[in-house]
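Undergrad: Shown below is the structure under consideration.
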Amino acid sequence: MWAAGEAYEPYVGRWSRLVAARFVRALDVPPGGSWRDVGCGTGAVTQAVLDAAQPADVVGVDPSEGYLAYAREHVRDPRARFVRADAVNLPFAGGTASAAVSGLVLNFVPDAPRAAAEMVRVVRPGGLVGVYLWDYGEGGMEAIRAFWDAATALDPRARELDEAVRFPLCARTALGALLAGAGLVDVETEEIRVPTPFHDFDDYWTPFLGGQGPAPAYLAALPEDHRRALRERLEAALPRAADGSIPLRARAWAARGRRTA
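In this text, residue positions in the sequence shown follow my numbering: the first is 622, and each later residue adds one.
Below, the structure is given as structure tokens:
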């Protein structure tokens, strides 16, 4: 599902970059730190760290060679490097990082508590762990909520694939509890809202054809007539501004905490 950065970026990558910038600034990690970006994907959080946090270095970790290739191509800062590894088995010695962060990943990790524990392990005492996920459960990711509402109206079985059903971790309380359960202290949660406007319906629809993510994967498996019916339903349902654009918004939940000294 997650393999091609070129398809991911127009789907949700462009919006993730807006969230990543605000997320990193809010962490307020002192300059000169060593960062780990767990599930770095196409490099959005890594780039935000480079832009806003004045790090000594950032190491991005992801299991997808396709995403790593995209990140290496687009993040050229010599302070950054990318390695292939899994979130539940990070290739770093314990207590070696100032901060470990993860954006839009932990809901896809089968053992999220173990991944959180790994992030805690690699930061030094007093170091920070921060994560963020889209709000699927409360409809905060409006572009995807609209898709699944239309899909389930045509096919009730689609509800089983809806991120709101599959990913209960994507909520303020659940995310904070995950970090607290990993042993972090001073855990705080917050919401990050960003605008996600689309120029027109094609700008909204075309990224769903890229196969990256649950909704695009569902769409790719549909027969052509069902896909056409879903497109028509969405085109009729989405809000429009006077200029024909589609003014939607997204919300992410973010949580952070510190390893005990």
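Idealized CB from N, CA, C, for every residue including glycine.
(1) Which stretch, first to last residue, makes up the beta strand (DSSP E) that contains THR817?
(2) Once the 5 residues before and after GLY715 are set aside, which same chain residues still bring their CB inside 8 angstroms of it?
(3) For chain B, find out if any of its Cβ atoms is closer than 8 angstroms to the Cβ of ALA862; answer yes or no.
(4) Please list the terminal residues of the continuous beta strand (DSSP E) segment that includes TYR753.
(5) Is there contact here, the region 627-644 with the region 821-839, by at least three beta-carbon pairs under 8 angstroms?
(6) Which residues share a DSSP beta bridge with ARG705?
(7) I need the straight-line Cα distance from ARG872 to GLU784, nearest angstrom please.
(8) List the DSSP bridge partners of TRP656.
(9) Have a look at ASP678, GLU686, ARG879 and flag the residue whose alpha-carbon is nearest the alpha-carbon of THR663.
(10) For the beta strand (DSSP E) containing ARG852, list its first residue and its last residue.
(11) If I measure Cβ to Cβ from ASN728 and keep anything under 6 angstroms in the same chain, skipping five residues before and after, which residues do I get?
(12) Quick check: what's the CA-CA separation for ASP864 versus ARG849?
(13) Do you know whose CA, among ASP672, ALA798, ARG861, lies nearest ARG697's CA?
(14) Please confirm if the region 765-774 is in contact with the region 705-714, defined as three or more CB-CB distances below 8 angstroms between the two stretches.
(15) Under 7 angstroms Cβ to Cβ from LEU782, same chain only, skipping five residues before and after it: list those, please.
(16) Would you check if the distance between the CB atom of VAL808 and the CB atom of GLY724 is smaller than 8 angstroms?
(17) Within 8 angstroms, do at least three Cβ pairs link the region 638-658 to the region 804-823?
(18) Reducing DSSP to helix, strand and coil, say where ARG861 ends up.
(19) Grouping DSSP H, G and I as helix and E and B as strand, with all else coil, what is PRO777?
(20) Would you check if the region 688-702 and the region 653-662 touch, i.e. whether three or more CB-CB distances between them fall below 8 angstroms?
(21) If I measure Cβ to Cβ from ARG879 and keep anything under 8 angstroms in the same chain, skipping five residues before and after, which residues do I get?
(22) Residues in its own chain within less than 8 angstroms of PRO651 by CB, not counting five upstream and five downstream?
(23) Take ALA721 and list the residues in its own chain whose beta-carbon comes closer than 7 angstroms to its own, dropping the five residues that flank it on each side.
TA: This is what the structure gives:
(1) Your numbering for residue 817 matches position 196 in the sequence shown. Where THR817 is concerned, the enclosing beta strand (DSSP E) stretches over 806-819.
(2) Indexing the sequence shown from 1 puts residue 715 at position 94. If we look at GLY715 and ignore the five residues flanking it on each side, its Cβ neighbours are ARG742, VAL743.
(3) You won't find chain B in this structure, because it holds only one protein chain.
(4) As a first step, residue 753 is located in the sequence shown; it is residue number 132 there, counting from the start. It spans 744-755 - the beta strand (DSSP E) in which TYR753 sits, taken as one unbroken run.
(5) yes
(6) Against the sequence shown, residue 705 aligns to sequence position 84. DSSP, once it has assigned bridges, lists ASP683 as partnering ARG705.
(7) The residue you call residue 872 lines up with position 251 of the sequence shown. The residue you call residue 784 lines up with position 163 of the sequence shown. Approximately 14 angstroms between the Cα atoms of the pair.
(8) Locating residue 656 in the sequence shown gives position 35, where the first residue counts as 1. TRP656 is bridged to VAL679, ALA720.
(9) Along the sequence shown, one-based indexing puts residue 663 at 42. Of ASP678, GLU686, ARG879, the residue nearest in Cα terms is GLU686.
(10) For the purposes of this step, residue 852 is taken as residue 231 along the sequence shown, with counting starting at 1. Unbroken run through ARG852 is the alpha helix (DSSP H), 845-858; no beta strand (DSSP E).
(11) To locate residue 728, count along the sequence shown from 1; it is residue 107. Around ASN728: LEU754, PHE788, LEU790, CYS791.
(12) Indexing the sequence shown from 1 puts residue 864 at position 243. Indexing the sequence shown from 1 puts residue 849 at position 228. C-alpha separation (whole angstroms): 25 angstroms.
(13) Start at 1 with the first residue of the sequence shown, and residue 697 comes out as number 76. Taking only the C-alpha atoms, the option nearest ARG697 is ASP672.
(14) no
(15) Numbered from its first residue, the sequence shown carries residue 782 at position 161. So the qualifying residues of the chain are PRO835, TYR839.
(16) Position 187 of the sequence shown, counted from the first residue, corresponds to residue 808. Position 103 of the sequence shown, counted from the first residue, corresponds to residue 724. Against a cut-off of 8 angstroms, the Cβ pair of GLY724 and VAL808 comes out as no contact.
(17) yes
(18) Here residue 861 corresponds to residue number 240 of the sequence shown, with the count starting at 1. In this structure, ARG861 counts as coil in the three-state DSSP scheme.
(19) Looking up residue 777 in the sequence shown gives position 156. Residue state, collapsed to three classes: helix.
(20) yes
(21) Along the sequence shown, read from residue 1 onward, the residue named residue 879 stands at position 258. Same-chain partners within the cutoff: GLY747, GLY748, LEU749, VAL750, LEU805, VAL806, ASP807.
(22) Here residue 651 is taken as the residue at index 30 of the sequence shown, counted from 1. Only SER719 meet the Cβ criterion.
(23) The sequence position of residue 721 within the sequence shown is 100, counting from 1. Excluding sequence neighbours, ALA721 sits near ARG657, VAL659, MET740, VAL743, VAL744, VAL750.
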